[in-house]
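**Q** Protein chains in written order, with our numbering: chain S, 1 to 468; chain F, 1001 to 1465.
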Amino acid sequence: MNHTLSSNFGSRSLLKLLPLLASALCWVAPAAWAATSEYQLANGLKVIVKEDHRAPVVVSQVWYRAGSMDEFNGTTGVAHVLEHMMFKGTKDIAPGEFSKLIAAAGGKDNAFTSRDHTTYFQQLHKSKLPLAFKLEADRMHNLILSEKEFSKEIQVVMEERRWRTDDKPQSLVQEAMMATVFQEHPYRRPVIGWMNDLEHMTYRDARDWYQRWYTPKNAVLVVVGDVEPKAVFQLAEKYFGKIKAKPLPERKVQVEPEQTGIKRINVKAPAQLPYLAMAYHAPALRDPANDWEPYALEMLVGVMDGNESARLNKSLVRDSQVASSTGAGYDSIGRGPGMLMFEGTPSEGKSVADLEAALREQIEIIKRDGVTAEELQRVKAQVVASQVYQRDSMFYQAMQIGEYESNGFSHRALDQRLAKLQAVTPAQVQEVARKYLVDDSLTVATLDPQPLDGKKPAPRPKGLPHKS
Amino acid sequence: MMKVVLKSFKAAAKSTGRGARLWKKMLGTGCLALGLVSLPAHAILPIQHWQTATGAQVYFVENHDLPMLDVSVEFPAGSSRDTAAKSGLANMTKGLLDLGAAGLSDNEIATRLADVGANLGGRFELDRAGVSLRTLSSARERGQALDMMAKVLQQPDFPDSVLQREKARTIAALKEAETQPESIADKAFSKMLYGSHPYGLQGGGEIATVSALTRQDLVDFYRDHYNAEHAVVSLMGDLTRTEAAAIAEQLTAKLPKAQSAPAPLPAVEYPVAPQTRAIPHPATQSHILLGYPGMVRGDRDFFPLYVGNYILGGGGFDSRLTKEVREKRGLAYSTYSYFAPMQQLGPFQIGLQTKKEQSEQALTLVRKTLQDFIAKGPTDKELTQAKNNIIGGFPLRIDSNRKILEYLGVIGYYRLPLTYLDDFVNNVNKVTAAQIRDAFARRVRPDRMVTVVVGAQEGAPAASK
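#1: According to DSSP, is I154 (chain S) part of a helix, a strand, or is it coil?
#2: Which of helix, strand or coil does DSSP assign to A31 (chain S)?
#3: To the nearest angstrom, report how far apart Y1270 (chain F) and N1091 (chain F) are at their CA atoms.
#4: For T1451 (chain F), report the span of its beta strand (DSSP E) as first-last.
#5: Starting from N307 (chain S), find everything on chain F with Cβ-Cβ shorter than 7 Å and list it in chain order.
#6: Can you give the Cα-Cα distance for D448 (chain S) and P1262 (chain F), rounded to whole angstroms?
#7: Let me know the secondary structure DSSP gives W209 (chain S) once reduced to three states.
#8: Chain F beta carbons: is any one of them nearer than 8 Å to that of E153 (chain S)?
#9: By the criterion of Cβ-Cβ separation under 7 Å, what are the contact partners of Y1306 (chain F) in chain S?
#10: Taking CB distances under 8 Å as the criterion, tell me whether S410 (chain S) reaches chain F.
#11: When the Cα atoms are used, what is the spatial distance from A419 (chain S) to K1254 (chain F)?
#12: Less than 7 Å between the CB of K1430 (chain F) and some heavy atom of the ligand ATP, yes or no?
#13: Taking 8 Å as the CB-CB cut-off, is K1430 (chain F) touching chain S?
#14: Rounded to a whole number of angstroms, what is the C-alpha to C-alpha distance between G74 (chain S) and V255 (chain S)?
#15: How long is the line joining the alpha carbons of D1065 (chain F) and S1196 (chain F), rounded to whole angstroms?
#16: With 16 as the cutoff for other CB atoms within 10 Å, does K1257 (chain F) come out buried or exposed?
#17: By the DSSP assignment, the beta strand (DSSP E) with G327 (chain S) in it spans what residues?
#18: Can you pull the chain S residues whose beta carbon is under 8 Å from the beta carbon of T1179 (chain F), in chain order?
#19: Measure the beta-carbon distance from T1179 (chain F) to Q272 (chain S) and round it to whole angstroms, keeping in mind my assumption that it falls under 8 Å.
#20: Less than 8 Å between the C-beta atoms of K88 (chain S) and E149 (chain S), yes or no?
#21: Could you have a look at G1088 (chain F) and say whether DSSP puts it in helix, strand or coil?
#22: Assign G1035 (chain F) to buried or exposed, taking buried as 16 or more other Cβ atoms, counted over all protein chains shown, within 10 Å of its Cβ.
#23: Mind pulling the chain S residues with CB within less than 9 Å of K1187 (chain F)?
#24: Compare the C-alpha of Q1164 (chain F) against each of F:P1417, F:G1200, F:T1214 and name the closest.
#25: In terms of DSSP beta bridges, what is A1283 (chain F) paired with?
#26: In the DSSP assignment, what residue or residues form a beta bridge with K268 (chain S)?
#27: Using a 10 Å radius around the Cβ and a threshold of 16 neighbouring Cβ atoms, would you call F72 (chain S) buried or exposed?
#28: Ordered along the chain, which non-local residues of its own chain (more than five positions away) have a Cβ less than 8 Å from that of M140 (chain S)?
#29: For the segment 386–403 of chain S, enumerate the residues whose C-beta is nearer than 8 Å to any C-beta of chain F, in chain order.
#30: Name the DSSP bridge partner or partners of T1466 (chain F)?
#31: Tell me whether H1281 (chain F) is buried or exposed, calling it buried when 16 or more other Cβ atoms sit within 10 Å of its Cβ.
#32: Starting from D167 (chain S), find everything on chain F with Cβ-Cβ shorter than 7 Å and list it in chain order.
#33: Applying the criterion that 16 or more other CB atoms from any shown protein chain within 10 Å of the CB defines a buried residue, is P1378 (chain F) buried or exposed?
#34: Name, going along the chain, the residues of the segment 89–102 of chain S whose beta-carbon falls closer than 7 Å to a beta-carbon of chain F.
#35: Tell me where the beta strand (DSSP E) around Q1344 (chain F) begins and ends.
#36: As an exercise, report each continuous alpha helix (DSSP H) stretch of at least 4 residues that is fully enclosed by the segment 1143–1174 of chain F, in chain order.
Below is the structure:
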């Protein structure tokens, strides 16, 4: 179903995202069976095709380099609202008709918005690729944004915000945390948008957004499946080639100023268990061939939380049992600044302060003693294995290409990832821990659970260990 | 992903099995067009099936496209094997399998798996529980990963210290669940729908029953439910038949011997009157669930109900619920319906979330949509659209090793015919509007459904019909 939304830390628990982050570590040079080809249309649209002939299906994704980071105050959430409106019809296609035609062809379609990009996709039998291209090309330049359709859809988006964020205590904490970690950079704003902005948004805001960013030059078309690249390029010419090129607006450089001291934030919400999140500023990948720090940070996160026996789970959940769950995450790919995050839920009788102290202790141990070659080798073994596993999913292969391309890298840079990750040394892991996991760039966010009936809980009997 | 996708996907997966090729390319475009579907001359998915020496059922699809292997071993050891007094035992037993085995600690097991890049996972549902593994097929990696899986399955230690720790974690999660509207609604729904039937038990158990679990409980449950005679072994990937046979033996030879056949689950009783519960919650949205006992695996009404449900609430934007509730009125982000076929009647469920102030309006609309559908059935246009999607989308059901493994597990556990997938398209194609109308009228009774509204609208009758 279309109209989903994703953001790096915006939805659900970070823990749930970790498998994705972990598997995003890895990629190898495409083998002969999985050649990747590239083509550019005169109007600027880039087309990338990766062959995968295991099943007679295809996934087609269009990535627009426009996400919530490109929004302005007062209209936060408009990137995502436009994503919803992209299913509401063009000159030739009635509202709702897009998904209906894809469904009639046996396909699935959907879309998602993040801080950096907005992506639309279809999965279908390979013979139906022309339909996907025809419809996708049509709405790249022929969208009709009517007040009537907008007025209903904005209600849907507000329901989505209630469901995704407002009624989920940990989502509220993560949203408040991002708004604290970043003081100036637009990553501080939630992808779904602030409720107040949604309430005051008009169809004209969505139309302005569409006119500003939806143009072939700002898009990448990624196709993975049982297809022949030349035929796909011809098909792309046929459907997307007639779209007129349009100049893109200037993108302002937005740099987050250096943080100069620890920040703390607390959120109250109806819940039973407290929750803790700790975020450090960290670099994002900028030069895939020559950077080394982002790769070292990925390995650091792998050592701390890359598998069931990794440090955080072993030390905090199994040994000291200060946490009932814990995790770490770092995403090196993004147009904006990077961030490394820890999170966890304290065990019964332990407080968020206990958990924070325990997490900081683990960080200090790595800064002081480094990591072992054996631990690093274990993370690398998983990297090597998951490069095979990911080939079981065409969709995921397309996602990786799209992520790279829409963030300004060539998909060919993916070929270097494995070698770069394998080259990381224990000393480099220790070095990035010392450099980036420092208090001055730390934000700590906590959930203070509130009773459902709004009344204070009865005081606990003395003698029971309960510090939260 | 949004919930409706997960729900409807889950329903679709459960209703059909999720299979794969990596299959022979026989569904050409011609076959995909309605009316041109014909029975394939060769099986779409060549499933090999045999028994191990100890009686485990093995299902294997050989495919060498990728140098990897997926394998699962599943038992009738899901939450329906619990009793009310020891609710949560089945889940705890399954959870502790890989937290100590053959003298290795939880960390040692995890380390040895991680060293070869293997992923150990599992399944825990109403009927089934089991362990799954994904590993590279190269000798060293495969050998070490399967050695761990064999130990976890056949020599679990159930260390008491680990049990105490996991009990505390489970209890914390159960307490948290008691405060979150989605889980409050799910729990109330299954209790109301199933009463004292084991399908009404919570998978994770209750705080009191989990607190009381002992190591001996786990040892006994394991001995009684993880038997080779009742195991289903599924293998998919880069193996020869000979290798697959050896692995199936390795994973099951030392399982405890069954003392008897698994006790048959009691039949589910249909409700005789409507039940409605409004549960207060401070959330901004009401979480609404409606349901009725649905269908079994291999149900004679399976295809009419499955195709019909696509039209009612399983087919995303093609479905009436999404059109009425979301598209026409903007009342919800997600609304869906699904059947989850089980050994006994699994749930039929409709769900949505909407802001509290309009929950009565949304509930009335959902009821009306369901009643209209049951009274009149689908239009020909809707039926054609549903078939086009399900039949045309068939290749997507079996386009990865992971999906094929899932499909093998369903076929094996529920003893569906090996030709299930070969017959699927024809069976969908044969469904008529009259059959759907007839099946829904017999199988879904709107006047006897259970309704849960968590975060009900204040002062409203919360679901007056």
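Even glycine gets a Cβ: it sits at the ideal position worked out from N, Cα and C.
**A** Working from what's here:
#1: As a working mapping, residue 154 (chain S) is identified with position 154 in the first sequence. DSSP places I154 (chain S) in helix when its eight states are reduced to three.
#2: On the first sequence, residue 31 (chain S) is found 31 positions in, with the first residue counted as 1. Below a pLDDT of 50, predicted positions are generally treated as unreliable, and A31 (chain S), at 40, falls in that range; the measurement from the model is reported next regardless. Coil, per DSSP.
#3: Here residue 1270 (chain F) refers to the residue found at position 270 when the second sequence is read from its first residue. Here residue 1091 (chain F) refers to the residue found at position 91 when the second sequence is read from its first residue. Those two C-alpha atoms are separated by around 27 Å.
#4: As a first step, residue 1451 (chain F) must be located in the second sequence, where it is residue number 451. From DSSP, the beta strand (DSSP E) with T1451 (chain F) extends over 1450–1454.
#5: Here residue 307 (chain S) corresponds to residue number 307 of the first sequence, with the count starting at 1. By Cβ distance, chain F contributes A1110, A1114.
#6: Taking the first residue of the first sequence as position 1, residue 448 (chain S) is located at position 448. Taking the first residue of the second sequence as position 1, residue 1262 (chain F) is located at position 262. About 46 Å.
#7: Numbered from 1 along the first sequence, position 209 holds the residue referred to as residue 209 (chain S). Three-state result, W209 (chain S): helix.
#8: By one-based count along the first sequence, residue 153 (chain S) stands at place 153. Output row for E153 (chain S): interface = yes.
#9: What you label residue 1306 (chain F) is simply residue 306 of the second sequence in a count that begins at 1. What Y1306 (chain F) touches in chain S: nothing, since even the nearest Cβ is about 16 Å away.
#10: Stepping through the first sequence from its first residue, residue 410 (chain S) is reached at position 410. It does not; no Cβ of chain F falls within 8 Å.
#11: On the first sequence, position 419 is the one that residue 419 (chain S) refers to. On the second sequence, position 254 is the one that residue 1254 (chain F) refers to. For A419 (chain S) and K1254 (chain F), the distance between alpha carbons rounds to 42 Å.
#12: Questions concerning the ligand ATP fall outside what the structure shown contains, since it holds no ligand whatsoever.
#13: Here the question's residue 1430 (chain F) lines up with position 430 in the second sequence. So no, K1430 (chain F) is outside the interface.
#14: As a working mapping, residue 74 (chain S) is identified with position 74 in the first sequence. As a working mapping, residue 255 (chain S) is identified with position 255 in the first sequence. Cα to Cα, the separation comes out at about 20 Å.
#15: Within the second sequence, numbered from 1, the residue matching residue 1065 (chain F) stands at position 65. Within the second sequence, numbered from 1, the residue matching residue 1196 (chain F) stands at position 196. Spanning the two alpha carbons is a distance of roughly 48 Å.
#16: On the second sequence, residue 1257 (chain F) is found 257 positions in, with the first residue counted as 1. K1257 (chain F) should be labelled exposed.
#17: For the purposes of this step, residue 327 (chain S) is identified with residue 327 of the first sequence, where counting begins at 1. Per DSSP, G327 (chain S) belongs to the beta strand (DSSP E) from 323–330.
#18: The residue you call residue 1179 (chain F) lines up with position 179 of the second sequence. P270, A271, Q272, P449, L452, listed in chain order.
#19: As a working note, residue 1179 (chain F) is residue 179 in the second sequence. As a working note, residue 272 (chain S) is residue 272 in the first sequence. Yes, they are in contact, since the Cβ atoms of T1179 (chain F) and Q272 (chain S) sit about 5 Å apart, within 8 Å.
#20: Taking the first residue of the first sequence as 1, we reach residue 88 (chain S) at position 88. Taking the first residue of the first sequence as 1, we reach residue 149 (chain S) at position 149. Yes, these two residues count as a Cβ contact at 8 Å.
#21: Counted from its first residue, the second sequence places residue 1088 (chain F) at position 88. Correct three-state label for G1088 (chain F): coil.
#22: If you number the second sequence from 1, residue 1035 (chain F) lands on position 35. For G1035 (chain F), the pLDDT reaches just 31, beneath the cut-off of 50, and the residue's location in the model is therefore unreliable, leaving the point undetermined.
#23: Position 187 of the second sequence, counted from the start, is the residue given in the question as residue 1187 (chain F). Correct list: empty, because the minimum Cβ distance to chain S is about 14 Å.
#24: As a working mapping, residue 1164 (chain F) is identified with position 164 in the second sequence. With distances taken between Cα atoms, Q1164 (chain F) lies closest to F:T1214.
#25: As a working mapping, residue 1283 (chain F) is identified with position 283 in the second sequence. Answer by DSSP bridge pairing: none, since A1283 (chain F) is not bridged.
#26: Your numbering for residue 268 (chain S) matches position 268 in the first sequence. Beta-bridge pairing links K268 (chain S) to S:D448.
#27: By 1-based counting over the first sequence, the position of residue 72 (chain S) is 72. By the neighbour-count rule (16 or more Cβ atoms within 10 Å), F72 (chain S) is not buried but exposed.
#28: Counting from 1 along the first sequence, the entry for residue 140 (chain S) is found at position 140. Cβ neighbours of M140 (chain S) beyond the five flanking positions: V62, Y214, T215, P216, A219, F240, I243.
#29: S386, V388, Y389, R391, D392, S393, M394
#30: Because chain F spans 1001 through 1465 in this model, residue 1466 (chain F) falls outside it and cannot be assessed.
#31: Working through the second sequence from its first residue, we reach residue 1281 (chain F) at position 281. Under this definition H1281 (chain F) is a buried residue.
#32: Mapped onto the first sequence, residue 167 (chain S) falls at position 167. The contacting residues are P1181, A1283, T1284, Q1285.
#33: Sequence index remark: in the second sequence, residue 1378 (chain F) carries index 378 (1-based). Under this definition P1378 (chain F) is a buried residue.
#34: G96, S99, K100
#35: Reading the second sequence from its first residue, position 344 is the one you call residue 1344 (chain F). From DSSP, Q1344 (chain F) is part of no beta strand (DSSP E); its letter is neither H nor E.
#36: none
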